[in-house]
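Q: The sequence shown: position 6 = 211 (my numbering), numbered continuously. Even glycine gets a Cβ: it sits at the ideal position worked out from N, Cα and C. Have a look at this one before I ask anything.
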Amino acid sequence: MNNRNELLENYESMRIGTDETFKFHCTQCGKCCIHRDDILLSPKDLFHVAQKFQVMPQEIVERYCEAYIGSESHRPCLRLKPQGSVQRCPLLKDRKCMVHDAKPAVCAMFPIGRVFKNEFPTKNSASENSFSVEYIFVDPGCGDNTEQHTVQEWLSSFQIPLEDEYFIKWSNLQFSLIQTLKSLENKITPKTFYEICNAVFIGLYLNYDINKDFDSQFEYNTNKITEILNTITTLSKKILK
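Encoded structure:
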């Protein structure tokens with residue numbers, strides 16, 4: 206069973222409240238860093254890793270990552286590229302994380318997962334889109350149960366706020382990208398679609414100065430990409446009329 210189907214089928218039993226407790230203690234066994242081909246990076250994750258190594262985001266992508274267009278999402282995605290027969294995380298060295306204090310959010314939160322739920326209004330509803338952030342816990346099968354934590358305490362220990370504005374903005378942007386790019390894909394040539402996705406990837410993931418504040422740069426890049434996609438969508442509609 207793949208991870209996505211397992212999540213969908215068992216979601217309710219995995220859900221955990223922010224003040225609920227779970228038992229887990231990391232023993233640094235490294236099991237969570239192997240047999241992994243699903244560690245996706247957000248622009249902020251990439252930015253922090255680039256800062257850690259003091260190189261441009263492009264260099265991190267070339268060294269450790271794989272960029273691709275999602276088969277279902279139709280949007281640019283970035284994952285850590287696993288290495289070897291055990292699919293080892295490329296940032297693992299001598300069984301230790303090279304970016305421990307700047308690791309991707311999904312790794313820092315482990316074994317807690319975070320789910321963004323976007324509630325779209327019904328056809329006859331006057332309400333606007335709403336969203337919620339929920340958390341899940343799955344026994345990882347590693348470490349031990351010698352410590353007890355609440356979700357809120359666990360996230361706080363990694364400087365991840367419950368009211369994470371970036372996570373909400375990034376999640377909303379992904380929903381918007383999926384809708385826009387899916388609608389464009391059948392109206393333009395594959396080559397043009399690829400070029401648009403490449404421009405989106407560069408704008409959202411690579412167009413950063415690691416010596417400047419991330420949030421303001423992300424806001425600027427998001428606005429520019431959204432503006433460009435809206436223009437392309439408008440032009441494609443006019444051409445097809």
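Could you pull out every residue in the same chain whose Cβ sits closer than 8 Å to the Cβ of Q292, ignoring the five residues on either side in sequence?
A: I239, H240, R241 and D242
Q: With DSSP run on the structure shown, which of helix, strand or coil describes S337?
A: The three-state reading of DSSP puts S337 in strand, counting E and B together.
Q: Applying the criterion that 16 or more other CB atoms from any shown protein chain within 10 Å of the CB defines a buried residue, is K249 buried or exposed?
A: Counting C-beta atoms within 10 angstroms of its own C-beta, K249 has 16 or more neighbours from the protein chains shown and is therefore classed as buried.
Q: Hey, could you find the ends of the beta strand (DSSP E) L285 is sitting in?
A: P281 to L285
Q: Classify G348: buried if its beta carbon has 16 or more other beta carbons within 10 angstroms, exposed otherwise.
A: buried
Q: Is it right to say T385 is buried, meaning 16 or more other beta carbons lie within 10 angstroms of its own, or is it exposed?
A: Label assigned to T385: buried.
Q: Go ahead and label H230 buried or exposed: buried means 16 or more other beta carbons lie within 10 angstroms of its beta carbon, across all protein chains shown.
A: exposed
Q: Can you pull the DSSP bridge partners for I317?
A: F342
Q: Span of the alpha helix (DSSP H) holding I401?
A: P395 to F406
Q: Could you tell me the alpha carbon to alpha carbon distance between D224 and F398, rounded to whole angstroms?
A: Their Cα atoms are separated by approximately 44 Å.
Q: When DSSP builds the beta bridges, which residues end up paired with L367?
A: Beta-bridge pairing links L367 to no other residue.
Q: Does the pairing of the stretch 307–325 with the stretch 355–372 give three or more beta-carbon distances under 8 Å?
A: yes
Q: Whole angstroms is fine: what's the gap from S337's alpha carbon to E352's?
A: 28 Å
Q: For the stretch 404–421 against the stretch 257–277, do three or more pairs of beta-carbon atoms, one drawn from each stretch, fall closer than 8 Å, so that the two count as touching?
A: yes
Q: In the DSSP output, which residue or residues are listed as bridge partners for C270?
A: L285
Q: Is it the case that the Cβ atoms of F252 and F419 are separated by a distance below 8 Å?
A: In this structure, F252 lies near F419, with their beta-carbon atoms less than 8 Å apart.
Q: Which residues in the same chain have their Cβ closer than 6 Å to the Cβ of K392, if we skip the five residues on either side of it in sequence?
A: S441
Q: Could you tell me the alpha carbon to alpha carbon distance between E214 and L245, rounded to whole angstroms?
A: 22 Å
Q: Excluding the five sequence neighbours on either side, which residues of its own chain have a C-beta within less than 6 Å of the C-beta of Q422, listed in chain order?
A: Y413
Q: Compute every distance between the C-beta of V338 and the non-hydrogen atoms of the ligand GTP, then say whether any falls below 7 Å.
A: As for the ligand GTP, it is missing from this structure, which has no ligand bound.
Q: Using only the alpha-carbon positions, how far apart do N350 and T436 sit?
A: 53 Å
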